[in-house]
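One structure below.
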Amino acid sequence: MEFNQKGKGRNQMLEAPTNTLEEQIYEEVKKVEDPEIGISIAELGLIYRIKVENGKAKIDMTYTSMACPAGPQMKQQVKDYALRVEGISEAEVEVVWVPKWDPREMATEEAKMDLGIFE
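Rendered as structure tokens:
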């Protein structure tokens, strides 16, 4: 099963069944914060895709910018949190740049408020 939220923010992402491994991983990954902003990377919309097959999680994520100094740290934290989920024996995290992160389209309403984005 694939759990994909590209450009959809949290509300649409949570349409997935709550008993899936993908949802459980997402719940764990929500604990990872961008240390420069202090907001969950899931709330920011930086998690693009979570897919699980045979106990292996594949996660696509992005950073707020290509020069994000905390990027490698966040990537490792995503992997570590994914591995906490029962039934996950491996986790692979790939940083992708397409689509380009746009908080106006990808962040949750709460994150937009914290970022000062008012539309």
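Taken in order, the sequence shown gives residues 1 to 119; the numbers are from full-length UniProt numbering. Built from N, CA and C at the ideal position, the CB exists for glycine as well. The model shown is predicted, which means the values in this text are computed figures rather than measured ones.
Close Cβ partners of residue i (< 7 Å) along its chain, the five nearest in sequence each way excluded
{"i": "T62", "result": "L46, Y48, V95, V96, W97, W101"}
Secondary structure of residue i, DSSP reduced to three states
{"i": "A111", "result": "helix"}
{"i": "P99", "result": "coil"}
{"i": "E105", "result": "helix"}
Own chain, CB closer than 6 Å to residue i, minus 5 neighbours either side, in chain order
{"i": "A107", "result": "L44, G45"}
{"i": "K30", "result": "S40, A42"}
{"i": "S89", "result": "G55"}
Straight-line Cα distance separating residue j from residue i
{"i": "V78", "j": "M113", "result": "24 Å"}
{"i": "E53", "j": "P69", "result": "31 Å"}
{"i": "R84", "j": "K56", "result": "12 Å"}
{"i": "G71", "j": "D80", "result": "14 Å"}
{"i": "E86", "j": "S65", "result": "32 Å"}
{"i": "Y26", "j": "E33", "result": "13 Å"}
{"i": "T20", "j": "Q76", "result": "22 Å"}
{"i": "A82", "j": "E92", "result": "9 Å"}
{"i": "E28", "j": "E109", "result": "20 Å"}
Cβ-based neighbour list, residue i, same chain, cut-off 8 Å, excluding 5 preceding and 5 following
{"i": "Q73", "result": "P35"}
{"i": "I117", "result": "P103, R104, A107"}
{"i": "A111", "result": "I39, S40, E43, L44, G45, P103"}
{"i": "E119", "result": "R104, K112"}
Only counting runs of 4 or more residues, tell me where the alpha helix (DSSP H) segments fall wholly within the UniProt domain "MIP18 family-like" (22 to 95), in order along the chain. 41 to 44, 71 to 82
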